[in-house]
Structures are given as C-alpha cells and as structure tokens.
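Below: one structure, written as structure tokens.
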Amino acid sequence: ISVEASQIWRGDAGGIEGSSDEFAAMLRLRYNLFNGGSDQDQAESAAYQLNKAKDFRDRTFRSVEEGLRLSWSALDLTVQQKEFLADHVDSASETVIAYQKQYRLGKRTLLDVLNTENELFEARKGYIDSKYDEQFAKYRIFNATGVLLDALRVDTPKEWHQAVEY
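So the sequence shown is residues 13 to 178, counted in this note's numbering.
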C-alpha cells in the first residue's frame, strides 16, 4: 500500500491567462495475485523465524541468570565453609600439640597421635579445597557477568569489541 499526492500551481501557462491550482491524491495497493500465495508464506516464515530467535534469546537469558544466581549461592556457601574449615584446622592443630605432649608423658598412644595428625591433614586438605572452590565460584560469576577475560587480564583482538549489526 502506498499513498501518492501531488499539487500543481499554474499562472498564465500554456497560453491561457489566469492561474490554476490542481491537487491529486491516490491510494495505491499492489498485490501479486499470480504468485501462488508465496508472499504470505514468506511473511509467515519470517514471523516464525523471528519468534524462534526471540525464544532462543529468552532461554539464553534465563540460563545465564540462573547460572549467575547459582554461582552467587556457591560463592556464599564456600565462604561460609572456609570459615568453619579454618576453625577446624586450628582445633586439629591444637589437638595434635596436646596429644604429642600427652604421648611424651605416656598418657596417649602413638596411634592416638597419628590419628590426630591424620585429622589435621584432612582438615588442611578440606580448607585448601574450599579456597579453590571459592576461587572457582568467583570465576563462574565473572563468566556469567561477561568479565572473565578482563578479570584474567586476557588481551582480546579489537574485532571482538566491534559492534555487530544484524
């Protein structure tokens, strides 16, 4: 559908004295009746593709949002765990020292001392694991927010930062 309008002003034109003012407006509809309905099929196909792209975008957004929420929860949990595990390491260290003193006095067996040293080893291992879990959770947050490469100070090609027009 198109609208066309024109206006003509004439003064003493074509050997005729006087002026004339003409105005014309037209509404034009162009429709190809002989294409077998392919115009409508193309329009429906384009609408389907558009809806498909919107659904994909929405799914991706929800996925990223959920990943970010889970990453924040994981970070919060690992920070809390790390505090408890640090206390556990301190307690296990004090226990090893106390058991070693008691062993020297003959009140504890060597097996008791070895068990407490093993407990200290496991506590330290758990604490170190929690430190790495915390770091991994931070990287997950950086990834979900799109700043992972910046956080790692990775140089990226300039082409990656150019806007893309669709």
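Backbone N, C-alpha and C fix where the C-beta goes; we use that ideal spot for every residue, glycine too. From a predicted model like this one, the values you see are computed outputs, not experimental measurements.
The residue from Thr157, Glu16, Asp88 with its alpha-carbon nearest to that of Asp145 is Asp88.
It is roughly 12 Å from the alpha-carbon of Ala25 to the alpha-carbon of Asp33. By the Cβ neighbour-count rule, Tyr139 is buried, with 16 or more other Cβ atoms within 10 Å of its own.
Three or more pairs of CB atoms, one per stretch, sit closer than 8 Å, so the segment 145 to 164 contacts the segment 71 to 91. Excluding residues up to 5 positions away in sequence, Ile13, Ser14, Val15, Glu16 lie with their Cβ nearer than 8 Å to the Cβ of Arg40 in the same chain.
Within its own chain, the residues whose Cβ lies closer than 7 Å to the Cβ of Ala163, once the five positions on either side in sequence are excluded, are Phe154, listed in chain order. For the pair Ala86 and Val76, the Cα-to-Cα distance works out to about 15 Å. For Glu16, there is no enclosing alpha helix (DSSP H); the residue is part of the beta strand (DSSP E) that begins and ends at 14 to 23. By the Cβ rule, the segment 123 to 141 counts as touching the segment 97 to 104, because three or more pairs are nearer than 8 Å. For Asp33, the three-state secondary structure derived from DSSP is strand. Val166 counts as exposed, since fewer than 16 other beta carbons sit within 10 angstroms of its beta carbon.
Straight-line spacing of the CA atoms in Ser50 and Ala149 works out to 52 Å. In the DSSP assignment, Leu41 is bridged to no other residue. Beyond the five residues adjoining it in sequence on each side, Leu161 comes within less than 7 Å, by CB distance, of Thr168 in the same chain, given in chain order.
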